[in-house]
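Shown next, in structure tokens, is the structure this report addresses.
In the working numbering, the protein residues as written are 480 to 842.
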């Protein structure tokens, strides 16, 4: 992959990124203050919306005592409040789904979403969450689908005959379901990646940990090593186009020492996510700073494709002159596809990804 020039600075994006530093201690707030001059606040608000970091931005600007226009403060406060209330309601749905799946004998893990919010920020109310991601075994697909339907959800992706869900999951790692009344979404995963060469061995029966999301009630998610690898692959598969994804990863693992980062990278490499992990660590270090020593940096950069992927991801994340989501712009997803296809060098991996894309379109 050829080198991509680093994009020019963007004051609104840079402030948005500063607001995502965690913990929001005095050092982090000093960065916010340093980047808060000369801001186009209307553009900043649009940048926050694109990257879905309202809660972090509102909290950081208030803690740093940044004077923002009243209209911007009102908009951020309203969105942050709505996110917190939505997540409280979503927590109840997590528990109801967990109970129902348990009663049906379905092994499951909840990934990203509220479990990640609790682990990364200690607060389920701060992070924007649009759907509930549930990982199950392929053998439990029909049983899980029946549970979800009984909760009032209907399959919307694929928008085909529900009876063909098993055929769909042979091409796709997930199906999407919408609640008829609330509009809440579930992504039901039988895999976490498009290829068995990536995240090898990670599934619903992987080592897990309980995460409290409502009082003492908890649901299960992946343990740290697998969770790190998954977050790296998930972000890279989407070209790291949203700031919130790298912010979440750094909030959870950014304080780790060099030995821990090396262990996480070694585990990710062992299960087929070496490039995704190297990309995640170098991207996070470029944006927020990590405990990466020279030896680890050389290891991460030894694959010549990775530094170029870092620059390309930063370009996608910043978005250039536009603040629209890359999926809403002409040819905007091409860099995402380049990064996704480059995550492993084998042609079999690329064929797996392509098969999923073509199969889903032909379904």
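Ideal Cβ positions, reconstructed from N, Cα and C, are used throughout, including at glycine.
Remember, predicted model here, so these are calculated numbers, not experimental data.
**Item:** Cut-off 7 Å between Cβ atoms - residues of its own chain near residue 631, not counting five sequence neighbours on either side
**Value:** On the chain shown, residue 631 is found 152 positions in, with the first residue counted as 1. The residues are 658, 659 and 660.
**Request:** Less than 8 Å between the CB atoms is what I'm expecting for residue 530 and residue 722, so what's the real figure, rounded?
**Result:** On the chain shown, position 51 is the one that residue 530 refers to. On the chain shown, position 243 is the one that residue 722 refers to. Sure, about 4 Å apart at Cβ, within 8 Å.
**Request:** To the nearest angstrom, report how far apart residue 640 and residue 681 are at their CA atoms.
**Result:** Counted from its first residue, the chain shown places residue 640 at position 161. Counted from its first residue, the chain shown places residue 681 at position 202. Using only the alpha carbons, I get a separation of about 29 Å.
**Asked** Quick one, are the C-beta atoms of residue 647 and residue 767 less than 7 Å apart?
**Response** Numbered from its first residue, the chain shown carries residue 647 at position 168. Numbered from its first residue, the chain shown carries residue 767 at position 288. No, they are not a contact pair.
**Item:** residue 668 - containing beta strand (DSSP E), residue span
**Value:** Numbered from its first residue, the chain shown carries residue 668 at position 189. First-last of the beta strand (DSSP E) with residue 668: 664-668.
**Asked** Unbroken alpha helix (DSSP H) runs of length 4 or more, entirely within the region 518-588: which are they?
**Response** 520-530, 533-542 and 549-582
**Message:** Let me confirm a value: residue 653 is counted as buried when at least 16 other C-beta atoms fall within 10 Å, else exposed. Which label applies?
**Reply:** Here residue 653 refers to the residue found at position 174 when the chain shown is read from its first residue. It counts as buried.
**Message:** So, for residue 683: in the same chain, excluding its five sequence neighbours on each side, which residues have a beta-carbon less than 7 Å away from its beta-carbon?
**Reply:** Taking the chain shown and counting its residues from 1, the one referred to as residue 683 is at position 204. Around residue 683: 586, 587, 588, 614, 615 and 616.
**Contact the region 620-627 vs the region 550-565: 3+ CB pairs below 8 Å** = no
**Item:** contact_flag[the region 558-570, the region 497-511] where n(CB pairs < 8 Å) is 3 or more
**Value:** no
**Prompt:** Residues bridged to residue 691 by DSSP?
**Reply:** Against the chain shown, residue 691 aligns to sequence position 212. DSSP, once it has assigned bridges, lists 697 as partnering residue 691.
**Item:** Enclosing beta strand (DSSP E) for residue 677 [first to last residue]
**Value:** Indexing the chain shown from 1 puts residue 677 at position 198. First-last for residue 677: undefined, no H or E at that position.
**Asked** Got a sec: is the Cβ-Cβ distance from residue 623 to anything in chain C below 7 Å?
**Response** In the structure shown, chain C does not exist; there is a single protein chain.
**Message:** Tell me which residues share the same chain as residue 709 and place their Cβ nearer than 7 Å to its Cβ, disregarding the 5 neighbours each side in the sequence.
**Reply:** By one-based count along the chain shown, residue 709 stands at place 230. Closer than 7 Å at Cβ, skipping near neighbours: 590, 671, 678, 681 and 701.
**Item:** Three-pair Cβ contact test at 8 Å for the region 724-740 versus the region 592-610
**Value:** yes
**Asked** Quick one, which of 512, 565, 528 and 563 has its alpha-carbon nearest residue 543's?
**Response** By one-based count along the chain shown, residue 543 stands at place 64. If we check each option's Cα against that of residue 543, 512 comes out closest.
**Request:** Leaving out five residues on either side along the sequence, give the residues of the same chain with a beta carbon under 7 Å from the beta carbon of residue 636.
**Result:** Translated into the one-based positions of the chain shown, residue 636 becomes position 157. Only 654 and 655 meet the Cβ criterion.
**Message:** Report the CB separation of residue 760 from residue 779 in whole angstroms; it is logged as a contact under 8 Å.
**Reply:** Looking up residue 760 in the chain shown gives position 281. Looking up residue 779 in the chain shown gives position 300. Residue 760 to residue 779, Cβ: 6 Å. Contact.
**Item:** residue 649 - containing alpha helix (DSSP H), residue span
**Value:** Translated into positions along the chain shown, residue 649 becomes position 170. First-last of the alpha helix (DSSP H) with residue 649: 644-650.
**Asked** Which residue or residues does DSSP assign as beta-bridge partners of residue 632?
**Response** Residue numbering aside, residue 632 sits at position 153 when the chain shown is read from its first letter. Residue 632 pairs with 658.
**Test item: CB-CB of residue 498 and residue 539 under 7 Å** = Along the chain shown, read from residue 1 onward, the residue named residue 498 stands at position 19. Along the chain shown, read from residue 1 onward, the residue named residue 539 stands at position 60. A contact, by the Cβ cut-off of 7 Å.
**Message:** Quick check on residue 491: does DSSP put it in helix, strand or coil?
**Reply:** Reading the chain shown from its first residue, position 12 is the one you call residue 491. Correct three-state label for residue 491: helix.
**Request:** Using DSSP bridges, identify the partner residues of residue 653.
**Result:** As a working note, residue 653 is residue 174 in the chain shown. In the DSSP output, where bridge partners are listed per residue, residue 653 has 668.
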